[in-house]
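Chains as they are written, first to last, in the numbering used here: chain G, 11 to 484; chain Y, 11 to 484.
Number of protein chains: 2
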Amino acid sequence: MESLTLYESVAERVRRTIQHGTFAPGRRIPSVRRLSSELGVSITTVLEAYGLLEREGWIEARPQSGYYVRSRSECPEVEARERRPSCKPADVGVEDRVLRLITDSRNPSLVQLGSAHPPADLLPTARLTRLMSAAARRLGPAAAAYDVPPGCVPLRVQIARRLIGAGCTVTPDEVVTTNGCLEALNLAFRAITRPGDTVAIESPTYFGLLHALQLQGLRVLEIPTHPRSGISVDALRFAIEQNPDLKACLVMSNYNNPLGSLMPDESKRALVELLTEHDIPLIEDDIYGDLCFSAERPRVAKAYDRKDLVILTSSVSKDLSPGFRVGWVVSARFQREIVRLKTAFNIATATLPQYAVADFLENGGYDAHLRRARRVYAAHVEAMSRAVGRYFPPQTRMTRPQGGFVLWVELPGRVDSLQLYEHARAAGISLAPGPIFSARQNRYRNFIRLNCAHWSDAIERAVETLGRLVSQSS
Amino acid sequence: MESLTLYESVAERVRRTIQHGTFAPGRRIPSVRRLSSELGVSITTVLEAYGLLEREGWIEARPQSGYYVRSRSECPEVEARERRPSCKPADVGVEDRVLRLITDSRNPSLVQLGSAHPPADLLPTARLTRLMSAAARRLGPAAAAYDVPPGCVPLRVQIARRLIGAGCTVTPDEVVTTNGCLEALNLAFRAITRPGDTVAIESPTYFGLLHALQLQGLRVLEIPTHPRSGISVDALRFAIEQNPDLKACLVMSNYNNPLGSLMPDESKRALVELLTEHDIPLIEDDIYGDLCFSAERPRVAKAYDRKDLVILTSSVSKDLSPGFRVGWVVSARFQREIVRLKTAFNIATATLPQYAVADFLENGGYDAHLRRARRVYAAHVEAMSRAVGRYFPPQTRMTRPQGGFVLWVELPGRVDSLQLYEHARAAGISLAPGPIFSARQNRYRNFIRLNCAHWSDAIERAVETLGRLVSQSS
Chain G
11 MESLTLYESV AERVRRTIQH GTFAPGRRIP SVRRLSSELG VSITTVLEAY GLLEREGWIE
71 ARPQSGYYVR SRSECPEVEA RERRPSCKPA DVGVEDRVLR LITDSRNPSL VQLGSAHPPA
131 DLLPTARLTR LMSAAARRLG PAAAAYDVPP GCVPLRVQIA RRLIGAGCTV TPDEVVTTNG
191 CLEALNLAFR AITRPGDTVA IESPTYFGLL HALQLQGLRV LEIPTHPRSG ISVDALRFAI
251 EQNPDLKACL VMSNYNNPLG SLMPDESKRA LVELLTEHDI PLIEDDIYGD LCFSAERPRV
311 AKAYDRKDLV ILTSSVSKDL SPGFRVGWVV SARFQREIVR LKTAFNIATA TLPQYAVADF
371 LENGGYDAHL RRARRVYAAH VEAMSRAVGR YFPPQTRMTR PQGGFVLWVE LPGRVDSLQL
431 YEHARAAGIS LAPGPIFSAR QNRYRNFIRL NCAHWSDAIE RAVETLGRLV SQSS
Chain Y
11 MESLTLYESV AERVRRTIQH GTFAPGRRIP SVRRLSSELG VSITTVLEAY GLLEREGWIE
71 ARPQSGYYVR SRSECPEVEA RERRPSCKPA DVGVEDRVLR LITDSRNPSL VQLGSAHPPA
131 DLLPTARLTR LMSAAARRLG PAAAAYDVPP GCVPLRVQIA RRLIGAGCTV TPDEVVTTNG
191 CLEALNLAFR AITRPGDTVA IESPTYFGLL HALQLQGLRV LEIPTHPRSG ISVDALRFAI
251 EQNPDLKACL VMSNYNNPLG SLMPDESKRA LVELLTEHDI PLIEDDIYGD LCFSAERPRV
311 AKAYDRKDLV ILTSSVSKDL SPGFRVGWVV SARFQREIVR LKTAFNIATA TLPQYAVADF
371 LENGGYDAHL RRARRVYAAH VEAMSRAVGR YFPPQTRMTR PQGGFVLWVE LPGRVDSLQL
431 YEHARAAGIS LAPGPIFSAR QNRYRNFIRL NCAHWSDAIE RAVETLGRLV SQSS
């Protein structure tokens, strides 16, 4: 950290008393004269410091009265701004910093606000491991055999059953199990597109999806989204008019990563109808769908699929175990091609983890597990939101997710999140910088995504540090 | 099965007495007159039957003496014939029958001579499952976490150690773990080629490799092989001269599937030198390398790699567990790109199976396990070879593998192995028909690959049935 000028030091001191609640919102802070004498600095220095804090939004001057802490119970919400999609497809370039972020996710010396991993203490790992041993005993020789695609029958039965709760009736025959959700997405892309094709995606979009799109040689059209309700169907309609050759559309309909947005049912229906009208397949990534903060999980867009055009993908990586690598893709129309591609890529998904997950879903207490996880994530997202509201400068905005466990934070316009990422990392904190959530250069430059899956005092202190770093660079 | 004419029935009867050893090689069989009276058929019918058996090579007529069982202790060896590769790259088309073969591998009502799967009773499944539980307890939270590429450190250490025994010194940093060997191959192809590029492969080649080549949009040049010593380096040299744009070469240097061929060390050295001279990467699939019938496993071609141009792939699917899906790819030069591709395709390989395999390799008795497996496979390949020699028509030829557990059988030229496959399947037997081992239409039409991993009376009876089906269609 560079050394601060005198007035910056004074501003930092006052900023911290506000952050720590010594001066609550609405309260008057010491007069210029009093602080000058208390700290033994000149009147001019205090005036400069208060001017900085005013510009940052921490305080406001009231005529004839003095300086007051600005009232704000929490950060303002991120606003939707763009209404029209860019009409030119873009190539996807994935940056080294994504790989670094992923590598960092295993670094125990970092406070993990970067990757969206669930916390170990919330995962039923011991139970799943016991179920795996039991499955090995029960299966006998089949435990060691290739579980050839479409994959583990009991798991496919459970997935079909669970989907009823998402408003969707499919048969186990339509399900193909995969080595996680990203593999499911890659197989779906590959089944319906060719390199050079264009796919419509939400903006912002999870960087792993951009990775997969790049791997498949696809171009993207980024469609504007609303931070609460997800992809703009109107904007997508406009994009289709401009790009009649669009080969697919990809959305995270429920609790989009990084927005946490939830498409209302009417919007899901409209999306499927629009795409059906143009015979464009929809790939729907529902990986966060079960992690709603409400008692009942939302429907999937596939619930409105009348023409078998929606390919649904998901996995257990967010709610049961990332390390088990159990995911799936659901589509009657493309099932055969997906099986062919899966066979050609890696023959099969590991056998025992699939059986353990099937048993857990059937009678391992998945519903009780989900109730607990939903409660915990809702509380952690709330705690993170409060901390950001407290420690980040007042021009900060953030999302109000109703599910999942990530928070999308808009920093003051001058903040460069790529620089912030470096500074944070040097301070022992990982975070996901905004630009990795878009295929376009420099988009979301002043945004960051924070993982809220965990919460602790150490994390609160890390958010405080982040807030200071943000203030310093804004 | 179609009903036989009278003389065919008589021939079949005699054929079976020979197959069962009632009439040993060199012995005289009943005279025409005697058989005619014994069976109550005309002299002409017996003469027709003996003529058929003569043409099939079962018996021979000796002037002034009668008919004798032809002497043959075993089938002749498959011979190398082609010397020059075709100079035009071919597109790879993978047929539905490969998917059917893979699906059939889980069909318990079939005698499994098709897919090359190891027998369950030879795999240390219970021990691996216990090691997986132990690893879960030991790892704690990390047991559920993504094992991000390059993957499980203890496993990479064991792989590097084991490679010393194959004449190859690599560091664990050069190893990337994968979801099986085919994924390793796909990542290797993807790292060094682009769709439309041409790759030199052995002919015949394992159909899974052809699948992967097709998936990556690659064209192939099929290089002639010798059934004992593998790819012809001279033919490859010629192919490179004709195709200077060749982007990679792929070989199974040790116990090629389906040939069982083993490249001599000098040939491995010459291959690597030739490719190095032209700066063409070699992808070496060593999946059968540990399953030698000798006490010591052969070297890998990578042992002769001075310029870091050999990418080695393998897995535990043939010796420990297909269902665990644990494989790897070794390359210093392309490690970073492979990590990037693996991350973009499916993020990670399942965590616990990797740790269990690492523990098994370190102190689970892998060497003792290998000694037993080698003994068993050598015995089973021998038993299968004898049975083929006994029940198949005498024009049959076969390989003499010194490792692995498949046998490549050349049937009389008139036999169509695709038809044989259908007839065998109807009789409850799976086998791998020759044409799926080449990208070219109709190659190896009269060849089949038999899985010799298992052996039992039921299998001997199945081979007898196969022999009869072959005789009927030859």
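For each residue, glycine too, the CB sits at the ideal point set by N, CA and C.
Quick one: grab the DSSP three-state call for Cys-302 of chain G. strand
Please classify Pro-151 of chain G: is it buried, with 16 or more other beta-carbons within 10 angstroms of its beta-carbon, or exposed? exposed
Pull up the distance between the alpha-carbon of Ala-280 of chain G and that of Ser-271 of chain G, whole angstroms please. 16 Å
I'd like to know if Ile-211 of chain Y contacts chain G, where contact means its C-beta is closer than 8 Å to some C-beta of that chain. no
DSSP state of Ser-83 of chain G mapped onto helix, strand, coil: With a pLDDT of 44 at Ser-83 of chain G, under the threshold of 50, the predicted position of this residue should be treated as unreliable, though the coordinate-derived value follows. Coil.
Starting from Gly-337 of chain G and walking both ways along the beta strand (DSSP E), at which residues does that stretch end? 337–340
Does the beta carbon of Phe-447 of chain Y come closer than 8 Å to any beta carbon on chain G? no
For the alpha helix (DSSP H) holding Ser-47 of chain G, just list the boundary residues, first then last. 42–49
Using a Cβ-Cβ cut-off of less than 8 Å, give me the residues of the region 351–379 of chain G that come near chain Y, in sequence order. Leu-351, Thr-353, Ala-354, Phe-355, Asn-356, Ile-357, Ala-358, Thr-359, Ala-360, Thr-361, Leu-362, Pro-363
Less than 8 Å between the C-beta atoms of Asn-189 of chain G and Gly-337 of chain G, yes or no? yes
Three or more C-beta pairs below 8 Å linking the region 413–423 of chain Y and the region 447–460 of chain Y: yes
Residues that Ile-112 of chain G contacts on chain Y, provided the C-beta gap is smaller than 7 Å: Val-158, Thr-353
Alpha carbon to alpha carbon, how far is Ala-146 of chain G from Thr-139 of chain Y? Give it in angstroms, no decimals. 7 Å
Does the beta-carbon of Leu-14 of chain Y have 16 or more other beta-carbons within 10 angstroms, so that it is buried, or is it exposed? exposed
Report the rounded CA-to-CA distance for Leu-256 of chain Y versus Ala-245 of chain Y, giving the unit in angstroms. 14 Å
Return the Cβ separation of Thr-235 of chain G and Leu-269 of chain G in integer angstroms, given the expectation that the two are a contact with Cβ distance under 8 Å. 6 Å
Endpoints, beta strand (DSSP E) assigned at Thr-208 of chain G: 208–213
Are the CB atoms of Ser-466 of chain G and Gly-444 of chain G within a distance shorter than 8 Å? no
Just to confirm, are Gly-67 of chain G and Gln-482 of chain G a CB contact at a threshold of 8 Å? no
Determine whether the Cβ of Arg-335 of chain G lies closer than 8 Å to any Cβ atom of chain Y. yes
Contained alpha helix (DSSP H) runs [length at least 4] in the region 332–389 of chain G, N- to C-terminal order: 345–356, 361–373
Residues near Leu-120 of chain Y by beta carbon distance below 8 Å, same chain, minus five either side: Asp-114, Arg-435, Gly-438, Ile-439, Ser-440
Which class does Pro-308 of chain G belong to by DSSP, given the choice of helix, strand or coil? coil
May I have the straight-line CA-CA distance separating Gln-412 of chain G from Arg-171 of chain G, to the nearest angstrom? 24 Å
Is Asn-461 of chain Y helix, strand or coil by DSSP? strand
Proximal residues of chain G, C-beta to C-beta of Glu-193 of chain Y below 7 Å: Phe-355, Asn-356
Bounding residues of the beta strand (DSSP E) (the contiguous stretch that carries Cys-162 of chain Y): Segment: none, Cys-162 of chain Y is in no beta strand (DSSP E) and carries neither H nor E.
Closest Cβ-Cβ distance between Leu-225 of chain G and chain Y: below 8 Å? yes
Is there a Cβ from chain Y that is less than 8 Å from the Cβ of Leu-228 of chain G? no
Between Ile-211 of chain G and Val-230 of chain G, is the Cβ-Cβ spacing less than 8 Å? yes
Give me the chain Y residues within the contact set of His-390 of chain G, using Cβ-Cβ distance strictly less than 9 Å, ordered along the chain. Here the premise fails: no neighbours, minimum Cβ distance about 17 Å.
How many Å lie between Phe-57 of chain G and Val-42 of chain G at the Cα? In the sequence as presented, Phe is not what sits at residue 57 of chain G; that position holds Leu. Answer to the nearest angstrom: the Cα atoms are 7 Å apart.
Counted within 10 angstroms of its Cβ, other Cβ atoms place Gly-477 of chain G as buried (16 or more) or exposed: buried
Going by the DSSP bridge assignment, what does Asp-526 of chain Y pair with across the sheet? The displayed coordinates of chain Y run from 11 to 484. Any statement about residue 526 of chain Y would go beyond what the structure contains.
For Asn-356 of chain Y and Leu-197 of chain G, I'd like the C-alpha separation in whole angstroms. 10 Å
Under a CB-based cut-off of 8 Å, is Ser-83 of chain G close to chain Y? At Ser-83 of chain G, the pLDDT of 44 sits below 50, so the modelled position is not reliable and the matter cannot be decided from this model.
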